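Residues 1246 to 1385 in this note's numbering are what the sequence shown spells out, letter by letter. Where is the CB? At the ideal position from N, CA and C, for every residue including glycine. These numbers were taken from a predicted model, which means no experiment stands behind them. Data block below; observations after.
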Amino acid sequence: MSTIICVLISFSSGVLVAAGTFAFIAAIGIVPRMAQRTHTIPYIRLYEDVILLGGLFGCATMFLDVRIPLGDILTMCYGLFCGIFVGVLAVALAEVLNVMPILMRRMKLKQGITWFLLSFALGKILGALLYFLKEGFYIL
1246 MSTIICVLIS FSSGVLVAAG TFAFIAAIGI VPRMAQRTHT IPYIRLYEDV
1296 ILLGGLFGCA TMFLDVRIPL GDILTMCYGL FCGIFVGVLA VALAEVLNVM
1346 PILMRRMKLK QGITWFLLSF ALGKILGALL YFLKEGFYIL
């Protein structure tokens, strides 16, 4: 009986976390904004379905401990797409919270905004590379 209760609690917790994640993605408006920017508004339903299927696939692969031998090239493509998704999510959240306009106004930055944002992205890339390739890097 305790195993069944643990399974139900675990499943319910997973459903709540997934619902929160998808509600967060919907609340900051990533899908309509990306469709508008890429001029693919007729495919919004497809975007939503793909995000949902990606979440389900990711959950299933972690739960079932599935190993998919993709090879180096496809693994790099997968990592690139995951990074793009996380970057888009971060920028959309920053846009919703008006982080960039407030930061630019407080820093009195009128020119070089492109370079400023590019430095954020490059810093994120460097941090991720140092984290994932930390075998040879001991900074601290």
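- Taken through DSSP and simplified to helix, strand or coil, lysine 1369 comes out as helix.
- Burial is judged here by how many other beta carbons sit within 10 angstroms of a residue's own beta carbon; alanine 1366 has fewer than 16 and is exposed.
- Straight-line spacing of the CA atoms in aspartate 1317 and leucine 1374 works out to 16 Å.
- Of the residues Val1262, Val1295, Ser1258 and Val1260, the one whose Cα lies closest to the Cα of valine 1276 is Val1295.
- Per DSSP, isoleucine 1250 is one residue of the alpha helix (DSSP H) stretching across 1247 to 1272.
- Straight-line spacing of the CA atoms in leucine 1363 and glycine 1324 works out to 20 Å.
- Straight-line measurement puts the Cα of leucine 1301 at about 14 Å from the Cα of aspartate 1310.
- DSSP, read as helix, strand or coil, puts leucine 1315 in coil.
- Comparing alpha-carbon positions, the option among Gly1299, Ala1272, Pro1314 and Arg1350 lying closest to phenylalanine 1326 turns out to be Gly1299.
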